[in-house]
Structure formats: structure tokens, C-alpha cells
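Trainee:
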Amino acid sequence: PSAIKPFTQVLKDGFYQVDCVKDYLFEHGDKFGDHFASYKLQEVTNVSIVHYAAHVPKEDREQMTHEICFEFCRTVPDMLFFGLTNGRECYCTPYYEMEA
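In my numbering, the protein residues as written are 12 to 111.
Next comes the structure, spelled out in C-alpha cells:
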């Protein structure tokens, strides 16, 4: 996680809404955050989601919107999607997987 340096290079130039789903990766693809005990991707893809709150100091955080989350995630390598949970928590993910 400390190797991730957001806001240094823009890697994506736009986004569109895909769907409103419960994302398997938010719960089981969090290798370093609050859900690390539920991490299940080591043997599958060995990827992890990246949390905005883990990389942006509290005093620099902005009120979360789709645009703010995208501005962050577009600079994180290998992250192709982003998600908002509870309307305020932003995370980046290389893919998403709908969970029932």
C-alpha cells in the first residue's frame, strides 16, 4: 500500500455509471484495509482494492462524490473501476464482481 502514489499521473480520462451492486471485492478483495481478515483473492488473482481514506490524509479529504472518487482512482495504476459505499467511502478496484 505505501508503494501506491496517487495523484502523480493521470491514467484514465472518463467514467460512466455501470451498476449499483454489492461488490465481492469490497468485502473479500481488501488485502490491507478493514476487511483484510476476509481477504480471499490470494490464490485467485492476488489483487487488492485501494481505499481513498488510506491514501489521502484526513485534512485533505473532500466530501465524496463520483467525481472526487474518479479523480483519485484515475491515478492509481491497474485500477479500472471505482466504487462508493454508504455514499461516502471511495475505493478503486481492478474489476468488480456482483455478490448476492
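Cβ coordinates follow ideal geometry from the N, Cα and C atoms, glycine included.
Everything numeric in this text was worked out from a predicted model, so none of it was measured.
Going by the C-beta, is GLU82 closer than 7 Å to any heavy atom of the ligand SAM?
Mentor: Because no ligand of any kind appears in the structure shown, any question about the ligand SAM cannot be addressed here.
Trainee: If we count Cβ pairs, one from each stretch, closer than 8 Å, do we get three or more for the region 93-100 versus the region 38-49?
Mentor: The answer is no - the region 38-49 does not touch the region 93-100, with fewer than three Cβ pairs under 8 Å.
Trainee: State the beta-bridge partners of ASP34 as determined by DSSP.
Mentor: Sequence index remark: in the sequence shown, residue 34 carries index 23 (1-based). Beta-bridge pairing links ASP34 to MET109.
Trainee: Which value, in whole angstroms, describes the spacing of the CA atoms of THR19 and GLU82?
Mentor: Stepping through the sequence shown from its first residue, residue 19 is reached at position 8. Stepping through the sequence shown from its first residue, residue 82 is reached at position 71. Computed Cα separation, rounded: 11 Å.
Trainee: Tell me whether the beta-carbon of TYR9 lies closer than 8 Å to the beta-carbon of CYS80.
Mentor: The structure shown does not extend to residue 9, since the chain spans only 12 to 111, so no value can be given for it.
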